[in-house]
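Student:
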Amino acid sequence: MTKVRTRFAPSPTGYMHIGNLRTALYEYLVAKKEEDGVFILRIEDTDQGRLVEGATDIIYNTLKQCGLQHDEGPDIGGNYGSYVQSERMASGIYKEYAWKLVELGGAHVCFCSEEDIESQRQLASAKGISFKYDDPCKNLSKEEIDARIAAGEKYVIRQNINPEGTTSFDDEVYGTITVENSTLDEQILLKSDGFPTYNFANVIDDHMMDITHVVRGNEYLSSTPKYNLLYDAFGWRKPIYVHCPPVMKDEHHKLSKRNGDASFQDLVAKGYLPQAIINYIALLGWSPETDQEIYTLDELKKAFNVKRINTSGAIFDIEKLKWMNGMYLRNMDIDAYHELVLPYIKEAVKSDYDTKQIAEILHQRVSILGEINEMLDFFDTYPEYSNDLYINKKMKTNPEIALTSLKAARETLANTEDWSQANLHDVLMNLVQTLGIKNGQLLFPVRIALTGKAFTPGGAIEIAAILGKEESLKRLDSSIAQLEA
RNA sequence: GGCUCGUUGGUGAAGUGGCUUAACACAGCGCCCUUUCACGGCGUCAUUCACGGGUUCGAAUCCCGUACGAGUCACCA
Numbered sequence: 001m002t003k004v005r006t007r008f009a010p011s012p013t014g015y016m017h018i019g020n021l022r023t024a025l026y027e028y029l030v031a032k033k034e035e036d037g038v039f040i041l042r043i044e045d046t047d048q049g050r051l052v053e054g055a056t057d058i059i060y061n062t063l064k065q066c067g068l069q070h071d072e073g074p075d076i077g078g079n080y081g082s083y084v085q086s087e088r089m090a091s092g093i094y095k096e097y098a099w100k101l102v103e104l105g106g107a108h109v110c111f112c113s114e115e116d117i118e119s120q121r122q123l124a125s126a127k128g129i130s131f132k133y134d135d136p137c138k139n140l141s142k143e144e145i146d147a148r149i150a151a152g153e154k155y156v157i158r159q160n161i162n163p164e165g166t167t168s169f170d171d172e173v174y175g176t177i178t179v180e181n182s183t184l185d186e187q188i189l190l191k192s193d194g195f196p197t198y199n200f201a202n203v204i205d206d207h208m209m210d211i212t213h214v215v216r217g218n219e220y221l222s223s224t225p226k227y228n229l230l231y232d233a234f235g236w237r238k239p240i241y242v243h244c245p246p247v248m249k250d251e252h253h254k255l256s257k258r259n260g261d262a263s264f265q266d267l268v269a270k271g272y273l274p275q276a277i278i279n280y281i282a283l284l285g286w287s288p289e290t291d292q293e294i295y296t297l298d299e300l301k302k303a304f305n306v307k308r309i310n311t312s313g314a315i316f317d318i319e320k321l322k323w324m325n326g327m328y329l330r331n332m333d334i335d336a337y338h339e340l341v342l343p344y345i346k347e348a349v350k351s352d353y354d355t356k357q358i359a360e361i362l363h364q365r366v367s368i369l370g371e372i373n374e375m376l377d378f379f380d381t382y383p384e385y386s387n388d389l390y391i392n393k394k395m396k397t398n399p400e401i402a403l404t405s406l407k408a409a410r411e412t413l414a415n416t417e418d419w420s421q422a423n424l425h426d427v428l429m430n431l432v433q434t435l436g437i438k439n440g441q442l443l444f445p446v447r448i449a450l451t452g453k454a455f456t457p458g459g460a461i462e463i464a465a466i467l468g469k470e471e472s473l474k475r476l477d478s479s480i481a482q483l484e485a
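According to this note's numbering, the first sequence holds residues 1 to 485 in order.
(1) Would you call the CB atoms of ALA55 and THR13 closer than 8 Å?
(2) With hydrogens ignored, establish whether the beta-carbon of GLU470 is closer than 7 Å to any heavy atom of the ligand FMN.
(3) Considering VAL109, what are the terminal residues of the beta strand (DSSP E) in which it resides?
(4) Look at the alpha carbon of GLY37 and the alpha carbon of VAL203, and state the distance between them as a whole number of angstroms.
(5) Quick one, are the C-beta atoms of LEU221 and HIS243 less than 8 Å apart?
(6) In three-state terms, what does DSSP make of MET248?
(7) Alpha carbon to alpha carbon, how far is GLY81 from GLY21? Give it in angstroms, no decimals.
(8) Taking the Cβ atom as the reference point for each residue, do ASP57 and SER11 lie within a distance shorter than 8 Å?
(9) Is it true that the region 456-475 meets the region 421-428, where meeting means three or more beta-carbon pairs spaced less than 8 Å apart?
(10) May I ask you to report which of helix, strand or coil DSSP gives ILE480?
(11) For the putative contact between THR183 and LYS191, defined by C-beta atoms under 8 Å, what is the C-beta separation to the nearest angstrom?
(12) Report the rounded CA-to-CA distance for ILE334 versus ALA359, giving the unit in angstroms.
(13) When the Cα atoms are used, what is the spatial distance from HIS207 to ILE361?
(14) Whole angstroms is fine: what's the gap from TYR486's alpha carbon to THR456's?
(15) Counting C-beta neighbours from all protein chains within 10 Å, is the total for LEU123 16 or more, i.e. buried, or is it exposed?
(16) Counting Cβ pairs, one atom from each stretch, are 3 or more of them under 8 Å apart for the region 394-407 and the region 426-444?
(17) Inspect the beta-carbon positions of ARG330 and GLN364 and report whether they are closer than 8 Å.
(18) Using CA coordinates, which residue listed in ILE177, ASP193, GLN159 is at the minimum distance from ASP185?
(19) In whole angstroms, give me the CA-to-CA distance for ALA454 and TYR280.
(20) Taking C-alpha atoms, which residue in THR62, MET375, VAL366, GLU339 lies nearest to ALA348?
(21) So, does the region 150-159 touch the region 104-111, judging by three or more C-beta pairs under 8 Å?
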């Protein structure tokens, strides 16, 4: 049994989008499901016009953040280098293989002009008939070809496809797919500038790198027969294909960078955790055998199975990701959580409060780190608020009750020295007893008075403990004055 | 237009001929818990699997057709 080898082959053209990341994930999982599987990173940078500065680093960083560590790649090397397509091209391998294919009868030289073919194509499409180029150069003699090339004429190398019969292949996800050879285009393999086309370079690279499983989007489903014909012409072993359904933005559109749809880094910037994103997208288009939904990468390696990849597109649902992210956040131990949210707390709260205590009140309430700033705004800025906030039917409070409760609380708290949360709890609960009212009739107004907000992370006692005695009393006084006015 | 693929609830989906009067999860709704919001708990949410035929004692599951959707048909990747 040969080792499983998969490859992630992105073009460094900007941010990493979700569909791309999911493909990388599946490629990683297919390899890592096996003990000795190898996951390779290959950079496809032959389209110089589309290159974006720094994009390669984004790819490295994203894989690192997600834990999808590759075993071979431009940055770490390996026995199948180079792992950068432009460098491979410089060595002339594609041209070499293209000519080899001509010798083997799998391709031919073509001198036809691009404009000429294009106009024929336009004509056909105007008439509404399907177009397939029937290349007259196929009949050129070897002598003529040599002479024209020697004369400096531009040429391309085109694949030869026998229009008789059918070609089929077995896809791990979609099953057996068969197409009529007559519908297959004799695609260009080597361009007139000597560069390989993507399709050709892919086949050559995958073969040279011993890729055993090709995992990619299902947009390649219909061109796969052409790839296979190439492998056959060379006499090479074909890889196992795993075509994945698309990740959709809505019913009709794929998630794409063009539409400004969220990229991995956008999500991270908003406060989603890489592990949660990975966990969520694993479930977009694949389902495990059990009901388990929360998976570590290691658990995913064990549970993953290409046979359970779906065939229809899956809509990316940010709501479910949000829930899952919240699960990850809530399941963290408090120290790790504190460390994680510290930058967000520091950003939201400049005053000198205990960040550990703030982290504690946030812990079970935050789904996305980006929400933190707004949740904590009342610490630095005591907002203007309406006395209507004191009206709460369920708590049985209103401004009148609030005024009484606040005055009593203010007096009691003024005499309280031990400002620990535990003691504040005891003191205020005793006060509830003494006053003979419901918990909410005291604590609800106090919380509003301390924060000026209808919704806050944490209740009256927790917030009072964080604010400290001086600030708490100040806010109570201000609220009492507002109620008496 | 040709070819390829797809179609289970608002979303992700389980389901591969009887255990399904369709699991689980998110969202929604309702209730409970509760010092707000959240968290947590409970309940509810497809009599029906795009539609129409057929096979079968029996179909979401097999076959055929129709509709709709997506992908692909570049000297782009």
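Ideal placement from N, C-alpha and C gives every residue a C-beta, glycine not left out.
Tutor: In brief:
(1) yes
(2) For the ligand FMN, the structure offers nothing, since it holds no ligand at all.
(3) 107-110
(4) 20 Å
(5) yes
(6) strand
(7) The residue asked about is misnamed: residue 21 is Leu in this sequence, not Gly. Distance between the alpha carbons of LEU21 and GLY81: 23 Å.
(8) no
(9) yes
(10) helix
(11) Going by Cβ atoms, the distance from THR183 to LYS191 rounds to 23 Å, so no, they are not a contact pair.
(12) 8 Å
(13) 55 Å
(14) The chain is shown only over 1 to 485; residue 486 falls outside these bounds and no answer can be derived.
(15) exposed
(16) yes
(17) yes
(18) GLN159
(19) 32 Å
(20) MET375
(21) yes
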